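Enquirer: Our numbering puts the first residue of the sequence shown at 3, with every later residue one more than the last.
For every residue, glycine included, the Cβ atom is placed at its ideal position computed from N, Cα and C.
These numbers come from a predicted model, not from an experiment.
One structure, pasted below without further comment.
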Amino acid sequence: MERNFAVGTFFDLTGNDHLSWLLECQYPWQAIQKLGPWLSEQKLGTVQGSVSPQAVIDDKVSIGEGSVVDPFAVIIGPAIIGKNCHIRSHAYLRGNVYVGDNSVVGHTTEVKNSILVSTVRADHFNYIGDSILGNRTHLGAGVILANTKVPAGEIVVRDHDKSWPTGLEKFGSVLGDGVEIGCNAVLNPGSIIGKGSVIYPLVLWRGVLESEHIAKTATSVVAKK
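Structure follows, in structure tokens:
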């Protein structure tokens with residue numbers, strides 16, 4: 003079966019002018035390379051939300067209206083935090099980060115070189131590296147989106163007997179709109195999860211999961227009823 007990796011099959015970007023450039027990418031992982039250059043072209047440094055004096059925010063960070071940054075959070079730019087977001091205590095956002103409106107980056111969650119489209123919840127102890135999370139995605143506590151192979155090398159997206167080289171040595175996951183990942187699941191580099199799909203807690207996942215499916219284990223996948 004031919005896979006359709008067009009960005010529009012993963013994310014509804016209607017009305018999201020900030021991220022319209024994503025639609026220019028043939029494959030969603032190409033956005034990982036383009037995120038940093040795009041952010042470097044933006045006018046950053048406007049803080050309209052509430053930032054604790056005990057948070058660390060550099061001057062290449064913009065924060066939208068209604069957003070709250072808790073004590074001891076660290077945000078290193080370039081970064082855009084949208085409206086009505088909550089960056090909780092001890093969150094660590096370390097460069098080339100876009101957090102869309104109404105999203106939560108929680109306690110001890112680390113994000114680098116990643117896009118959280120909107121209404122994303124990464125509440126507790128998550129690692130999000132070189133990844134894209136669609137609208138209304140949710141990561142349970144302890145979910146890891148790993149971004150580097152062991153040993154290091156090019157990340158290849160694999161789906162049964164087919165493969166797509168990405169040209170990247172750091173690439174985590176693409177999670178389509180409405181994806182749910184259960185607590186302490188680990189997604190290996192190059193994982194692609196279609197819209198509305200679910201990965202159960204503790205699953206070690208690699209590769210492509212079709213839209214509207216449930217991964218109960220790494221080898222037990224069923225369609226949603």
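What distance in whole Å lies between the Cβ atoms of Trp207 and Ala220, which are believed to be in contact at a cut-off of 8 Å?
Expert: That pair is a contact at about 6 Å.
Enquirer: Bridge partners for Ala57 per DSSP, in chain order?
Expert: Partner(s): none; Ala57 has no beta bridge.
Enquirer: Alpha carbon to alpha carbon, how far is Ile216 from Leu189?
Expert: Their backbone Cα atoms lie some 14 Å apart in a straight line.
Enquirer: Which residue from Val159, Val181, Gly180 puts its Cα closest to that of Lys172?
Expert: Residue Val159 is the option with its Cα nearest to Lys172.
Enquirer: Over what stretch of residues does the alpha helix (DSSP H) that includes Trp40 continue unbroken?
Expert: It spans 32-42 - the alpha helix (DSSP H) in which Trp40 sits, taken as one unbroken run.
Enquirer: Do you know whose CA, among Ile183, Ser22, Lys45, Asp132, lies nearest Ile117's CA?
Expert: Minimum Cα distance to Ile117 is reached at Asp132.
Enquirer: Check whether the stretch 17-37 and the stretch 59-69 are in contact - that is, three or more C-beta pairs closer than 8 Å.
Expert: Touching, no, given that fewer than three Cβ pairs across the two stretches are closer than 8 Å.
Enquirer: Asn149 and Leu141: beta carbons closer than 7 Å?
Expert: In this structure, Leu141 does not lie closer than 7 Å to Asn149 by Cβ.
Enquirer: DSSP three-state call for Asp132: helix, strand or coil?
Expert: Coil.
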